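Q: Starting off with a structure, shown below.
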Amino acid sequence: MRIRRLPALRDNLVPLLEHPRQRQAAVVDPADAGPVITALEHGEMELAAVLHTHHHWDHVGGTAELLRRWPQAMVVGHHEDQHRLPPLSHPVTDGDRFTLLGRAVEVLAIPGHTVGHIAYVLPACVANGQRQQPELLCGDTLFSCGCGRLFEGTPAQMLSSLQRLAALPPDTRIWCAHEYTATNVAFALGQDPHNPALQAFAQQVEQLRQARLPTIPSHLEVELQVNPFLRCHTPALQEATGKTDPVDVLAELRQRRNQV
1 MRIRRLPALR
11 DNLVPLLEHP
21 RQRQAAVVDP
31 ADAGPVITAL
41 EHGEMELAAV
51 LHTHHHWDHV
61 GGTAELLRRW
71 PQAMVVGHHE
81 DQHRLPPLSH
91 PVTDGDRFTL
101 LGRAVEVLAI
111 PGHTVGHIAY
121 VLPACVANGQ
131 RQQPELLCGD
141 TLFSCGCGRL
151 FEGTPAQMLS
161 SLQRLAALPP
171 DTRIWCAHEY
181 TATNVAFALG
191 QDPHNPALQA
201 FAQQVEQLRQ
211 ARLPTIPSHL
221 EVELQVNPFL
231 RCHTPALQEA
241 TGKTDPVDVL
251 AELRQRRNQV
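The opening position of the sequence shown corresponds to residue 1 in this note's numbering, with each subsequent residue numbered one higher.
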């Protein structure tokens with residue numbers, strides 16, 4: 001199985017999971033059906049599943065059109081959000097596991113951005129004699145060098161969710177839903193200016209964006225060094241915010257980021 005990102009709307013990146021031999025694919029948070037249909041037609045693949053991380057319009061906007069084209073596709077989302085998601089054939093909850101395109105998938109509840117937000121984790125495995133690294137499909141909770149706005153959840157919920165994601169294997173690839181990295185890095189440098197890992201990362205991001213290349217997927221081992229929202233326990237961020245409790249550090253960072 002392979003994953004690629006499909007640009008959609010203004011800055012969405014839609015993960016498309018493909019199994020070329022099976023001629024099947026799955027899509028996560030289809031903001032717009034058009035790019036997904038084009039990719040599937042070009043690859044001569046059938047849509048096997050639509051996965052949702054949360055209910056926002058720019059994550060579910062393409063689902064109805066995709067299901068008109070592939071009505072047999074299973075539709076996955078948090079069971080507590082069924083009233084505001086497209087009709088689900090497979091409602092899930094925290095800790096649920098299922099198989100998708102030959103890979104195991106685990107559901108993690110990660111409230112904060114919304115109260116019903118979930119992530120999908122594909123643990124590392126061996127396929128055809130080769131190790132497949134772990135993958136995280138996390139919607140709008142964890143961004144590269146950032147985190148999502150708190151539309152419904154609390155800072156404590158978001159911190160708990162981010163800590164849960166931070167505990168995944170360091171080589172986990174992170175597939176978030178938006179290309180916000182350059183703006184996030186600029187903000188992070190203002191809060192953590194003496195972080196050498198962040199300084200180096202900023203140069204890498206600038207080079208990628210100048211070449212019009214995406215910065216996603218990111219990698220957890222990098223995010224743990226550069227993402228201020230994963231570093232709320234560090235003296236540098238506590239000094240920058242004037243707070244000591246990591247919940248308060250996150251709340252202050254998120255409030256400042258909202259103003260950018």
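No residue lacks a Cβ here, since even glycine has one placed at the ideal position from N, Cα and C.
In this text, all values refer to a predicted model and were calculated from it rather than measured experimentally.
Per the DSSP calculation, residue 146 is bridged to which residue(s)?
A: Paired residue(s): 143.
Q: Short of 8 Å in beta carbon distance, which residues of its chain neighbour residue 35, apart from the five on each side in sequence? Order them along the chain.
A: Within the same chain, residue 35 has close Cβ partners 6, 7, 8 and 14.
Q: Return helix, strand or coil for residue 184, following the three-state DSSP convention.
A: Correct three-state label for residue 184: helix.
Q: Thinking just about the alpha-carbon of each residue, which of 79, 78 and 64 is nearest to the one in residue 72?
A: Taking only the C-alpha atoms, the option nearest residue 72 is 64.
Q: Would you call residue 191 buried or exposed, if buried means 16 or more other Cβ atoms sit within 10 Å of its Cβ?
A: Classification for residue 191: buried.
Q: Over what stretch of residues does the beta strand (DSSP E) that includes residue 107 continue unbroken?
A: Start and end: 103-109.
Q: Can you tell which of 26, 32, 255 and 1 has its C-alpha closest to the C-alpha of residue 146?
A: Of the listed residues, the one whose Cα sits closest to residue 146 is 255.
Q: Which same chain residues, not among the five before or five after residue 39, have their C-beta less than 7 Å away from its C-beta?
A: Only 6 and 16 meet the Cβ criterion.
Q: Could you say which of 230, 239, 181 and 134 lies nearest to residue 214 if we only look at CA atoms?
A: When each option's Cα is compared against that of residue 214, the closest is 181.
Q: Would you mind working out which of 242, 243 and 188 sits nearest residue 224, comparing C-alpha positions?
A: Of the listed residues, the one whose Cα sits closest to residue 224 is 188.
Q: Just the Cα atoms here: how many angstroms apart are residue 116 and residue 31?
A: C-alpha separation (whole angstroms): 18 Å.
Q: Which residue marks the beginning of the alpha helix (DSSP H) containing residue 39, and which one marks its end?
A: Run containing residue 39: 33-43, per the alpha helix (DSSP H) assignment.
Q: Looking at the secondary structure, which residues open and close the beta strand (DSSP E) in which residue 98 lies?
A: Looking at the DSSP string, the run of the beta strand (DSSP E) that includes residue 98 is 97-100.
Q: Over the uninterrupted beta strand (DSSP E) stretch that includes residue 5, give me the two end residues.
A: It spans 2-8 - the beta strand (DSSP E) in which residue 5 sits, taken as one unbroken run.
Q: Okay, do the region 76-94 and the region 151-160 touch, 3+ Cβ pairs below 8 Å being the bar?
A: No: fewer than three Cβ pairs fall under 8 Å.
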